[in-house]
Amino acid sequence: MKVSKPRGTRDFLPEETARRRNVENIMRQVVNKWDYKEVITPTFENLELFTLKSGEGVIGELYNFSDKGDRKMALRPELTAPVMRMYVNEMQATPRPQKLFYFENCFRYERPQKGRFREFWQFGVEVIGSNRPDADAEIIALATTMLNAAGIKGDLHVGHLGIIRHMLKELEPDQQSKIMRLVDKKDDTGLEDYFEEINIPVELRRNLLELICVTGTDAIAKAREIVGDIEEIDKFEQILIFLDAYDIDYSINLGIARGLDYYTGMVFEIYAEGLGAQNQVCGGGSYQLIPLFGGGDVPSTGFGLGFDRIMEVCEIMPEKQKSVVIIATDETRTDAIKVATSMRKELTVYLDIMQRNFKTQLSHANNIGADYAVIVGKKEIESGKLTVKNMEIGDQSQLTLDEAIELIKNS
RNA sequence: GCCGGGGUAGGGUAGCGGUUAUCCUGUAGCCUUGUGGAGGCUACGAUCCGAGUUCGACUCUCGGUCCCGGCCCCA
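Spelled out as structure tokens, the structure:
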């Protein structure tokens, strides 16, 4: 092979492309029904957008470059930051909330493995301008509905950072961040070591360790026991009540921390089986990024779906459309073009462009799995009736153009 | 960044220090340009790249690269 594709990228052949588009369309139908509006942002952005959000450390995992004007750029590694940037740049005066979605490719300079590529697709949703439980619940419900529509059985875990943040509010901000990161990693020994290091009170220490293990149906009650009656728990409970109304199964998991500072409250993750180490197909939560990009105090909530991982476990196959091949002879090629043009108003029509002989055209029609062959030969032109052959059964009949279209459409 | 397994025609494969490199499949054409699926014939087509060892390397060694799986990371 002379030129290979770049590491971590993929070619999608026609069959796989059709599968992907089909599932994409299924998910688009869902977001359309929920009245979310699609947006498109640039494939590359100023590098600063991503370092502001995720720190200088991300540069190691970005496709970044300097352009010819010596500006520092990066291919987008995700779309939340670009969408928030877009909001700050040109949507701040729009009615709230904004319910937006996107489906785009993203780029990360990482080691490829199962379910992880250097170019990958994210289907994401962001609600901008509401911090109500209603918004959080809608986001989770939408994510779940989209996955269900794609035939994915996911395991939904919901948590709330407000509760753990409330417990930590007396600590220094950087101490809070550090603890959140350790919780996110489920690094219990690291956590204990750190508690020791910064010497936090024994009671807080015990409560924290207890809280991050809270799961199950009585999680809310247990959390109240540990932290007391606080507004964050009320909010979380309200989200769960709404989720019940949406009839959604979930597990409560207060150990989800999503170790990044801009997450503010509800957080959730959805896992699917059959994906090996990279089994998370969806992650989201409420967050606050707009001030970071120079906008006002506008809360947001959203999620991203890992489309490639979804495709890996999705078994939905696109419906095959009836395919029609026009068979012509050398003297009727121009007539064949006219017939094809007429039929294409209603059907998908394949026309020979190899000047194959009659027999080989039919053979080729068979090869490409045609459902019908429409013969446009001298006899047909003279009689004004086409010969329509059912390639599966092998029978054929003489029909007018309109009759032929009807027959094939209704088959 | 780390660990392991791999790389032979478009796809799937066999093999071996010296072979015309195996087989299946595919594609194109032909077996009267008015009837496909079978069959026959012909053509196309490969040892990932580089260095080393050797009289001789697809085969052994080293480096690179890419693929697969795992760790780390995961916005």
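The first sequence begins at 0 in numbering that gives the first Met the number 0 and counts up by one. Built from N, CA and C at the ideal position, the CB exists for glycine as well. This structure is a prediction, so every number in the text was calculated from the model and none was measured.
Counterpart residues of R115 in DSSP-defined beta bridges: Q112
Mind checking K152: buried by the 16 CB within 10 Å criterion, or exposed? exposed
Have a look at G294 and G128 and give me their C-alpha separation to the nearest angstrom. Approximately 12 Å between the Cα atoms of the pair.
Out of curiosity, what's the CA-to-CA distance linking P111 and G383? 59 Å
Taking only runs that begin and end inside the stretch 136-162, name each unbroken beta strand (DSSP E) of 3 or more residues, in chain order. 153-159
With a threshold of 8 Å, are at least 3 pairs of Cβ atoms found where one atom belongs to the stretch 141-160 and the other to the stretch 263-275? A contact exists between the stretch 141-160 and the stretch 263-275.
Would the stretch 299-308 count as touching the stretch 182-190 if we require 3 or more Cβ pairs under 8 Å? no
Euclidean distance between Cα positions of Q121 and I58: 20 Å
Pairwise C-alpha distance: Q28 and K98: 15 Å
Using 10 angstroms around the beta-carbon of N448, count the other beta-carbons present and answer buried if the total reaches 16, otherwise exposed. An answer regarding residue 448 cannot be provided, because it is not within the stretch 0 to 410 covered by the chain.
Of the residues R19, S53, C105, E14, which one's Cα is nearest the Cα of F43? A check of alpha carbon separations from F43 across R19, S53, C105, E14 identifies C105 as the nearest.
Let me check understanding here. Comparing Cα to Cα, which of R131, A140, L253 lies closest to I219? Nearest neighbour of I219 by Cα position, chosen from R131, A140, L253, turns out to be L253.
Determine the DSSP secondary structure at G305, reduced to helix, strand or coil. strand
First through last residue of the alpha helix (DSSP H) which encompasses Q174: 172-183
Quick one: residues in its chain with C-beta nearer than 6 Å to the C-beta of F292, no 5 flanking neighbours on either side, listed in chain order? Listed in chain order, the non-local C-beta contacts of F292 below 6 Å within the same chain comprise M83, R84, V87, local neighbours out to five positions each way being set aside.
Just the C-alpha distance for K52 and I163, rounded to the nearest angstrom, thanks. 22 Å
On a Cα-Cα basis, can you pick out the residue from V201, C313, Q354, M72 that is closest to R332? Q354
Could you compute how far the alpha carbon of K378 sits from the alpha carbon of I326? 13 Å
May I ask you to report which of helix, strand or coil DSSP gives M0? Bear in mind that the predicted position of M0 carries a pLDDT of just 48, short of 50, making it too unreliable to give a figure here.
Would you mind working out which of E311, A140, P298 sits nearest G264, comparing C-alpha positions? P298
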